[in-house]
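Enquirer: Count along the sequence shown from 1, then add 8; that gives the number in the working numbering. One structure coming up, written as structure tokens, with questions to follow.
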Amino acid sequence: MMGFVSKLVGRMYVDWYIFAPAVLVSLAGLVTMNSFSGENYFFLRQSIWLLISVSIFFVATAVDWRFLRRTRVLMPIFVATALTLLLLLVAGQVTRGVQSWFQFGAFALQPSDPAKLVIILMLSKYFSRRHIEIKNLRHILVSGGYVSLIFILVFLQPDFGGAMVILGIWLGMVLVSGISKKHLAVVAVLGVATLAVLWMFVFAPYQKARIISFIHPLADVRGTGYNAYQSTVAVGSGEIFGKGIGQGSQSKLRFLPEYETDFIFAAFTEEWGFIGAVILLALCLLLLTKIVGNAELAATNFETFFGLGVAIMFSVHIAVHAGMNMGILPVTGITFPLMSYGGSHLLTEW
């Protein structure tokens, strides 16, 4: 046993320039969840998930992941992911109208989080083998077909945020793959036309109402736009230097629901102010820059695309989460990477 452990440790390689900002962002989330008095349910559970995630991270650094490039390994993973998401629509736990979790006693698993990594792996495999003929329109359609299956299954939960991240991953990886922008524009026009037809002839009135409130959350601040309004109040009240650690009234007094997940950026900014938000985003930029730098130095196209895909996934999460917390983007229920409460996304991101 000791020999196995020593061999495992000997094979570990940790990029501390990635590890350090990731830990700091995670700790920022923990501090924001800590009430410093009374119940600390989210803080305690997230601390456990963080310890588990970091432990798995260190073990994963000693594994040779190149076996994931093999089609006979990757395709079964993709099929299993799709089947799991399909099963979720039948046997998943319904929370606040969304069927996105499997419940196992006190723990819940959200399959859409690891599904994002599977999408990145599939697209990395597909684009890495076709980099010479990548400008062919067929590659947009085929890669979009893989993604559409997972996108639809997540959208039907309905997890609009998760579906938008999956779409963003595909769009970002298509752009960095070198596919013709003209062909991409054609696909975009077809997508808009399809949405127009669905809006006029397919969507029921209640579905249209949901979409309108999704796009314009502040139009009804007493109803569907309540969370978005409270989030903007929290961000603005932090001003330059913030109210101080543990002094965020919007979050700690629960005026801001879901402050530990969907609106943790607002809760953090209320306590740390504009300066704290700039430091937090700078840490994220450092993390993304290092991931992209490592991707550019990768030995194969597959590894390059995978690194870029992970950077795109993080970027979409950060941009959309911060945007919706500041009231400039629709509320989608997207977490802040490494920071928001939740074991599924924390394990996936670490």
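Positions of the beta carbon are idealized from the N, C-alpha and C atoms, including for glycine.
By the 10 Å Cβ neighbour count, where 16 or more other Cβ atoms means buried, how is Trp280 classified, buried or exposed?
Expert: Buried, since its Cβ has 16 or more Cβ neighbours within 10 Å.
Enquirer: Is the segment 277 to 297 touching the segment 254 to 261 in the sense that three or more CB pairs, one from each, lie closer than 8 Å?
Expert: Yes, since at least three Cβ pairs between the segment 254 to 261 and the segment 277 to 297 fall closer than 8 Å, the two stretches touch.
Enquirer: Hey, could you find the ends of the beta strand (DSSP E) Ala116 is sitting in?
Expert: 115 to 117 is the extent of the beta strand (DSSP E) around Ala116.
Enquirer: Quick one: what's Thr103 bridged to in DSSP?
Expert: Paired residue(s): Val106.
Enquirer: Hey, would you say Ala236 sits closer than 8 Å to Gly335, going by beta carbons?
Expert: Going by C-beta atoms, Ala236 is nearer than 8 Å to Gly335.
Enquirer: In angstroms, rounded to a whole number, what distance separates the CA positions of Ile342 and Gly169?
Expert: Computed Cα separation, rounded: 5 Å.
Enquirer: Anyone know if the C-beta pair for Gln3 and Tyr349 falls short of 8 Å?
Expert: Limits of the chain in this structure are 9 at one end and 358 at the other, which puts residue 3 out of reach.
Enquirer: If I follow the unbroken alpha helix (DSSP H) through Arg53, where does it start and stop?
Expert: Taken as a continuous stretch (DSSP letters only), the alpha helix (DSSP H) holding Arg53 covers 49 to 68.
Enquirer: Considering only the beta carbon of each residue, do Leu131 and Phe322 sit closer than 8 Å?
Expert: In this structure, Phe322 does not lie closer than 8 Å to Leu131 by Cβ.
Enquirer: Can you say whether Thr202 is buried or exposed, counting buried as having 16 or more other CB atoms within 10 angstroms of its CB?
Expert: The residue in question, Thr202, is exposed, as its Cβ has fewer than 16 Cβ neighbours within 10 Å.
Enquirer: Specify the secondary structure class of Gln238 as computed by DSSP and reduced to three states.
Expert: The answer is helix: DSSP assigns Gln238 an H, G or I state.
Enquirer: With a CB to CB cut of under 6 Å and the five nearest residues on each side skipped, what residues in its chain are close to Lys171?
Expert: In the sequence under discussion, the amino acid at residue 171 is Ala, which differs from the Lys named in the question. Answer for Ala171: Phe159, Val162, Phe163, listed in chain order.
Enquirer: Return helix, strand or coil for Val13, following the three-state DSSP convention.
Expert: Any reading at Val13 must be qualified, since the residue scores a pLDDT of 49, below 50, and its modelled position is unreliable; no value is offered.
Enquirer: May I ask you to verify whether the segment 115 to 126 touches the segment 283 to 294, counting CB pairs closer than 8 Å and requiring at least 3?
Expert: No, they do not touch.
Enquirer: Quick check: the Cα distance between Ala88 and Gly199, rounded to an integer number of angstroms?
Expert: Their backbone Cα atoms lie some 28 Å apart in a straight line.
Enquirer: Residues in its own chain within less than 7 Å of Phe65 by CB, not counting five upstream and five downstream?
Expert: Correct list, in chain order: Trp358.
Enquirer: Counting along the chain, where does the alpha helix (DSSP H) carrying Ile320 start and finish?
Expert: 309 to 333 is the extent of the alpha helix (DSSP H) around Ile320.
Enquirer: Starting from the C-beta of Leu175, find all residues in its chain whose C-beta is less than 7 Å away, skip the five residues before and the five after it, and write them out in chain order.
Expert: The residues are Phe159.
Enquirer: Buried or exposed: where does Ser63 fall if 16 or more other Cβ atoms within 10 Å of its Cβ makes it buried?
Expert: The residue is exposed, with fewer than 16 neighbouring Cβ atoms inside 10 Å.
Enquirer: In three-state DSSP terms, what is Phe27?
Expert: Correct three-state label for Phe27: helix.
Enquirer: Taking the straight line between their C-alpha atoms, what separation do you get for Leu316 and Met181?
Expert: The straight-line gap from Cα to Cα measures roughly 7 Å.
Enquirer: Among all the DSSP beta bridges, which residues are the ones paired with Gln258?
Expert: BP columns for Gln258 are empty, so no partner.
Enquirer: Check whether the Cβ atoms of Leu320 and Pro345 lie closer than 8 Å to each other.
Expert: Correcting the residue identity first, residue 320 is Ile in this sequence and not Leu. No; because the gap between Cβ atoms is not below 8 Å, this pair is not in contact.
Enquirer: Can you round the beta-carbon distance between Lys298 and Asp23 to whole angstroms, since I take them to be within the 8 Å contact cut?
Expert: Yes, Lys298 and Asp23 are in contact; Cβ-Cβ is about 7 Å, under 8 Å.
Enquirer: Is it buried or exposed for Phe112, if we count other Cβ within 10 angstroms and need 16 for buried?
Expert: So Phe112 ends up on the exposed side.
Enquirer: Just curious, the alpha helix (DSSP H) that Ile299 is in, first and last residue?
Expert: Run containing Ile299: 272 to 304, per the alpha helix (DSSP H) assignment.
Enquirer: Hey, Gln165 and Leu97: beta-carbon distance below 8 Å or not?
Expert: Result yes, Cβ atoms of Gln165 and Leu97 sit closer than 8 Å.
Enquirer: What is the DSSP secondary structure of Phe344, reduced to helix, strand or coil?
Expert: It is coil, neither helix nor strand.
Enquirer: Report the option in Met208, Val39, His191, Trp57 whose CA atom is closest to the CA atom of Leu145.
Expert: Nearest option by C-alpha distance: His191.
Enquirer: Spatial neighbours of Met41 within its chain, please: CB distance less than 7 Å, with the 5 preceding and 5 following residues excluded, ordered by chain position.
Expert: Correct list, in chain order: Phe50, Phe51, Gln54, Glu268, Tyr349.
Enquirer: Per the DSSP calculation, Gln111 is bridged to which residue(s)?
Expert: DSSP, once it has assigned bridges, lists Ala116 as partnering Gln111.
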